[in-house]
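The structure under discussion appears below in the form of structure tokens.
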Amino acid sequence: MSGRSDILRKMGLFGIGVISMTQEKIEEFTQEMIKRGEMNQEEGRAFVRQVLSEKDKQIADIEARVNEAVRDMIKRSGVVARADLEVLERRIEELERSTVKRASLEALEKRIEVLDRTSVMRVDLDILERRIVELEEAIRSMAK
């Protein structure tokens with residue numbers, strides 16, 4: 006166990022340096038530790054896995070921090086991100102389609118309104134024609 010805690014202490018000492026280490030270098034370091042008797046083969050394999058895992062975590066953390074910093078800089082500079090621009094473009098297209106639909110609907114409503122008025126006028130004409138016929142018949146019957 007003391008060998009393992011010593012290894013962990015040594016890992017802490019070269020911390021960020023792990024990021025720049027290749028898997029080959031990590032394995033070379035581990036083989037050297039095994040040769041010196043500071044760990045056995047099983048501990049060596051576990052150590053390599055642990056170091057590579059930590060390396061991946063550190064790289065991911067650094068990438069996340071860099072991405073965050075870049076996003077903040079872009080946001081502060083007023084530059085619009087491509088993804089934000091694409092969202093806005095899609096929204097504009099939706100609004101345009103909606104506006105076209107609304108304009109088409111309004112035109113259709115006006116046409117229906119005109120047709121309704123025309124229909125009312127036709128009904129009124131039919132009523133007037135019948136009334137005229139009735140009046141003509143009444144006049145003819147009076148004339149007899």
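Letter 89 of the sequence shown, counting from 1, is numbered 94 in the working numbering, and no numbers are missing.
A virtual CB, placed ideally from N, CA and C, is assigned to each residue, including glycine.
Sequence-distant partners of residue 36 (beyond 5 residues in either direction) whose C-beta falls short of 8 Å from its own C-beta, in its chain, are 49.
When the beta-carbon positions are compared, residue 57 and residue 31 come within less than 9 Å of each other. Note on geometry: alpha-carbon atoms of residue 61 and residue 106 lie some 52 Å from one another. Collapsing the DSSP output to three states places residue 119 in a helix. Per the coordinates, the alpha-carbon of residue 144 lies some 10 Å from the alpha-carbon of residue 137.
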